[in-house]
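Working notes for the structure below.
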Amino acid sequence: MNSDLANTALTDLDLNEAARPSAPAIPNLSSAQKGAGRHLRAIHRHHLAEVTRARSVLTHIEQGEKNPAALLEALKDMDLFDNMRVFGNLCGRECQMLNFHHNAEERQVFPALEQRGPVGLQKVVAKLREEHLVVHELIQRLEAAAAELMAAPSETQFQRTQAVFDVLERVIRSHFSYEETEIGDALGVYFDGFERPAPQSHL
Numbered sequence: 092m093n094s095d096l097a098n099t100a101l102t103d104l105d106l107n108e109a110a111r112p113s114a115p116a117i118p119n120l121s122s123a124q125k126g127a128g129r130h131l132r133a134i135h136r137h138h139l140a141e142v143t144r145a146r147s148v149l150t151h152i153e154q155g156e157k158n159p160a161a162l163l164e165a166l167k168d169m170d171l172f173d174n175m176r177v178f179g180n181l182c183g184r185e186c187q188m189l190n191f192h193h194n195a196e197e198r199q200v201f202p203a204l205e206q207r208g209p210v211g212l213q214k215v216v217a218k219l220r221e222e223h224l225v226v227h228e229l230i231q232r233l234e235a236a237a238a239e240l241m242a243a244p245s246e247t248q249f250q251r252t253q254a255v256f257d258v259l260e261r262v263i264r265s266h267f268s269y270e271e272t273e274i275g276d277a278l279g280v281y282f283d284g285f286e287r288p289a290p291q292s293h294l
C-alpha cells in the first residue's frame, strides 16, 4: 500500500488529469496492429459493464427499493458478485479482476512499451502507473468500507461506502479512456506478447 495515498482524504484522491502526457501518433497502422487496441477496449467495456451493474444496485438501495440486508440475494447470480457472500466483500470478483488486469499491465505490457517505445510513450506509461496506485487504493477503501457496513449496518456507513464507490467509478472510467487513447495503437506495435482471449479472461 502506498502510505501517502493511504493517508490522503477521499476527496483528494484523483488522477491529476491535467498532468497527463500524450503519446506520439503512430501512422500507417495495419488492421492487425489496430486489433490490439480494439481488444483492450473490449476488456475495459466488460469491466465497465460490471461497474454499471454495481451502480444500479447501489441506486436501488439509495432509493429505498432494496435494503442492504437484501443485497446478497439480489446479487448472488451476478457475474460481478459471484464470489460474494456478504456485502462486506462488495468488490468481489470484479475488484480482483481489476487488480489482475492492472498487474498484467504492470508486469508484461508496460515494461515492453517502456523498453521499445519512444520517450513520449514512456511518459504515458509512467503516468498510467501512477494512476494504477490511485485505483488500487480506492479498491482497498471500498472493500474496507463495505466490510464495516456489513459488520454494523447504518445509513451513515452506507453513505460512506457509496462515496468511495462514486470516486472509484469516476476514476476507473477516466483511467480506461486515457489508457485506450494513448496506448491502444502502441500495443499492436511494441508489445509482441499481446494475446487476444475473450474479454472474460481479463488480461
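Going left to right, the sequence shown walks through residues 92 to 294 as the working numbering numbers them. Every residue gets a Cβ at the ideal spot worked out from N, C-alpha and C, and that includes glycine. Fair warning: this is a prediction, and the values are worked out from it, not measured in the lab.
List the whole-angstrom C-beta distance separating glutamate 222 from leucine 139, where the pair is believed to meet the contact cut-off of C-beta under 8 Å.
Looking up residue 222 in the sequence shown gives position 131. Looking up residue 139 in the sequence shown gives position 48. Contact doesn't hold; Cβ gap of about 16 Å is too wide.
Measure the alpha-carbon distance for glutamate 108 versus tyrosine 269 and round it to whole angstroms.
On the sequence shown, residue 108 is found 17 positions in, with the first residue counted as 1. On the sequence shown, residue 269 is found 178 positions in, with the first residue counted as 1. Each residue's alpha carbon lies about 9 Å from the other.
Check leucine 171 in the structure and name its three-state DSSP category.
Position 80 of the sequence shown, counted from the first residue, corresponds to residue 171. Because leucine 171 sits at a pLDDT of 35, beneath the cut-off of 50, its placement in the model cannot be relied upon, and the following sentence gives the value as read from the coordinates. Three-state DSSP puts leucine 171 in a helix.
Between which two residues does the alpha helix (DSSP H) carrying leucine 120 extend?
Here the question's residue 120 lines up with position 29 in the sequence shown. Careful: leucine 120 lies outside any alpha helix (DSSP H) and carries neither H nor E.
DSSP three-state call for glutamine 154: helix, strand or coil?
To locate residue 154, count along the sequence shown from 1; it is residue 63. It is coil, neither helix nor strand.
Taking the alpha carbon of histidine 130 as the point to measure from, which residue in Gly275, Glu260 and Asp95 has its own alpha carbon closest?
Position 39 of the sequence shown, counted from the first residue, corresponds to residue 130. It is Gly275 whose Cα lies nearest to the Cα of histidine 130.
If contact is defined by three or more beta carbon pairs under 8 Å, each pair taking one atom from either stretch, is the stretch 253-260 in contact with the stretch 114-126?
no
Which one of Pro202, His137, Leu96 and Arg198 has the shortest CA to CA distance from phenylalanine 267?
The sequence position of residue 267 within the sequence shown is 176, counting from 1. Of the candidates Pro202, His137, Leu96 and Arg198, the one whose C-alpha sits nearest the C-alpha of phenylalanine 267 is His137.
CA-CA distance, threonine 143 and leucine 278?
By one-based count along the sequence shown, residue 143 stands at place 52. By one-based count along the sequence shown, residue 278 stands at place 187. Near 27 Å, if we compare the C-alpha coordinates of leucine 278 and threonine 143.
Among Asn194, His227, Val280 and Val255, whose alpha-carbon lies nearest the alpha-carbon of proline 209?
Taking the sequence shown and counting its residues from 1, the one referred to as residue 209 is at position 118. Of the candidates Asn194, His227, Val280 and Val255, the one whose C-alpha sits nearest the C-alpha of proline 209 is Val280.
According to the neighbour-count rule (16 or more other Cβ atoms, all chains shown, within 10 Å of its Cβ), is threonine 102 buried or exposed?
Against the sequence shown, residue 102 aligns to sequence position 11. Exposed: under 16 other Cβ atoms inside 10 Å.
How many whole angstroms separate the CB atoms of glutamine 248 and glutamate 153, which I take to be in contact at a CB cut-off of 8 Å?
Within the sequence shown, the letter at position 157 stands for residue 248. Within the sequence shown, the letter at position 62 stands for residue 153. At roughly 13 Å, the Cβ-Cβ gap does not stay under 8 Å, so glutamine 248 and glutamate 153 are not in contact.
Would you kindly work out how many angstroms separate the C-alpha atoms of phenylalanine 282 and lysine 218, rounded to a whole number?
Looking up residue 282 in the sequence shown gives position 191. Looking up residue 218 in the sequence shown gives position 127. The alpha-carbon atoms of phenylalanine 282 and lysine 218 are separated by roughly 18 Å.
Measuring alpha carbon to alpha carbon, tell me which residue in Ala238, Val216, Ser245 and Glu239 is nearest serine 113.
Locating residue 113 in the sequence shown gives position 22, where the first residue counts as 1. Cα-wise, what sits closest to serine 113 is Val216.
What did DSSP end up calling alanine 195 once you bin it into helix, strand or coil?
Mapped onto the sequence shown, residue 195 falls at position 104. Helix, per DSSP.
Between the Cα of arginine 220 and the Cα atoms of Val200, Val255 and Asn119, which residue gives the shortest distance?
Here residue 220 corresponds to residue number 129 of the sequence shown, with the count starting at 1. If we check each option's Cα against that of arginine 220, Val200 comes out closest.
In or out: glutamate 228 buried (at least 16 other Cβ within 10 Å) or exposed?
Counted from its first residue, the sequence shown places residue 228 at position 137. Looking at its Cβ environment, which holds 16 or more other Cβ atoms inside 10 Å, glutamate 228 is buried.
Would valine 255 and alanine 236 be called neighbours here (beta carbons separated by less than 8 Å)?
On the sequence shown, residue 255 is found 164 positions in, with the first residue counted as 1. On the sequence shown, residue 236 is found 145 positions in, with the first residue counted as 1. Yes, they are a contact pair.
Distance, Cα to Cα, glutamate 273 vs threonine 150?
Numbered from its first residue, the sequence shown carries residue 273 at position 182. Numbered from its first residue, the sequence shown carries residue 150 at position 59. Cα to Cα, the separation comes out at about 32 Å.
Expressed to the nearest angstrom, what Euclidean distance is found between the alpha-carbon atoms of arginine 132 and serine 245?
Working through the sequence shown from its first residue, we reach residue 132 at position 41. Working through the sequence shown from its first residue, we reach residue 245 at position 154. Those two C-alpha atoms are separated by around 38 Å.
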